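Visitor: All letters in the sequence shown, in the order written, are residues 105 to 211 by this note's numbering.
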Amino acid sequence: MHIALDKIDNNRFMRELSIKIKIADREYPMTVQAEEEERVRRAGKLINERLKSYREKFGIDDKQDLLSMVAFDAIVDRFGIEDNLQSNDESVLNKIKSIEHLINQSI
Numbered sequence: 105m106h107i108a109l110d111k112i113d114n115n116r117f118m119r120e121l122s123i124k125i126k127i128a129d130r131e132y133p134m135t136v137q138a139e140e141e142e143r144v145r146r147a148g149k150l151i152n153e154r155l156k157s158y159r160e161k162f163g164i165d166d167k168q169d170l171l172s173m174v175a176f177d178a179i180v181d182r183f184g185i186e187d188n189l190q191s192n193d194e195s196v197l198n199k200i201k202s203i204e205h206l207i208n209q210s211i
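#1: Out of curiosity, what's the CA-to-CA distance linking residue 109 and residue 148?
#2: Distance check for residue 152 and residue 123, CA to CA, integer angstroms please.
#3: How far does the alpha helix (DSSP H) with residue 141 in it reach, from first residue to last?
#4: Based on the DSSP output, what are the partners of residue 127 in its beta bridges?
#5: Using the DSSP secondary-structure output, state which residues sit across from residue 136 in a beta bridge.
#6: Which value, in whole angstroms, describes the spacing of the CA atoms of residue 168 and residue 128?
#7: I believe residue 154 touches residue 174 by the beta-carbon criterion, under 8 Å. Please report the beta-carbon distance rounded to the nearest angstrom.
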């Protein structure tokens with residue numbers, strides 16, 4: 105594994121790693137920040153697990169179809185998370201407004 109140092113603002117250094125991620129029997133070389141390496145590797149592992157799951161569940165061997173299904177599934181998951189975050193944000197704001205109202209009433 106190759107490690108490169110790139111200078112960034114404020115004279116700090118950020119470590120970059122050259123890694124290879126294998127997805128659907130293909131290796132993809134990439135350069136990632138050191139702190140992102142674990143997340144990138146986990147993402148590759150999850151993609152491969154989902155590919156295997158779809159292959160076994162639906163009996164599909166075409167890698168393009170499998171990758172399309174995994175990509176679609178990932179976007180649906182992301183939309184669900186975004187909707188949940190938005191709902192949580194609204195709930196927190198409503199609670200803050202309620203607390204502010206109670207504070208203003210007690211003053």
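Ideal placement from N, C-alpha and C gives every residue a C-beta, glycine not left out.
None of the values given here were measured: they were computed from a predicted structure.
Guide: Walking through what the data contain:
#1: Here residue 109 corresponds to residue number 5 of the sequence shown, with the count starting at 1. Here residue 148 corresponds to residue number 44 of the sequence shown, with the count starting at 1. Below a pLDDT of 50, predicted positions are generally treated as unreliable, and residue 109, at 48, falls in that range; the measurement from the model is reported next regardless. If you take the alpha carbons of residue 109 and residue 148, they lie about 24 Å apart.
#2: Working through the sequence shown from its first residue, we reach residue 123 at position 19. Working through the sequence shown from its first residue, we reach residue 152 at position 48. When rounded, the distance between both Cα atoms is 17 Å.
#3: Residue numbering aside, residue 141 sits at position 37 when the sequence shown is read from its first letter. Segment 141-162, the alpha helix (DSSP H) holding residue 141.
#4: Residue numbering aside, residue 127 sits at position 23 when the sequence shown is read from its first letter. Per DSSP, 130.
#5: As a position in the sequence shown, residue 136 is number 32, starting the count at 1. Looking at the DSSP assignment, residue 136 forms a beta bridge with 121.
#6: Taking the sequence shown and counting its residues from 1, the one referred to as residue 168 is at position 64. Taking the sequence shown and counting its residues from 1, the one referred to as residue 128 is at position 24. Their backbone Cα atoms lie some 9 Å apart in a straight line.
#7: In the sequence shown, counting from the first residue as 1, residue 154 sits at position 50. In the sequence shown, counting from the first residue as 1, residue 174 sits at position 70. Confirmed, Cβ separation roughly 5 Å.
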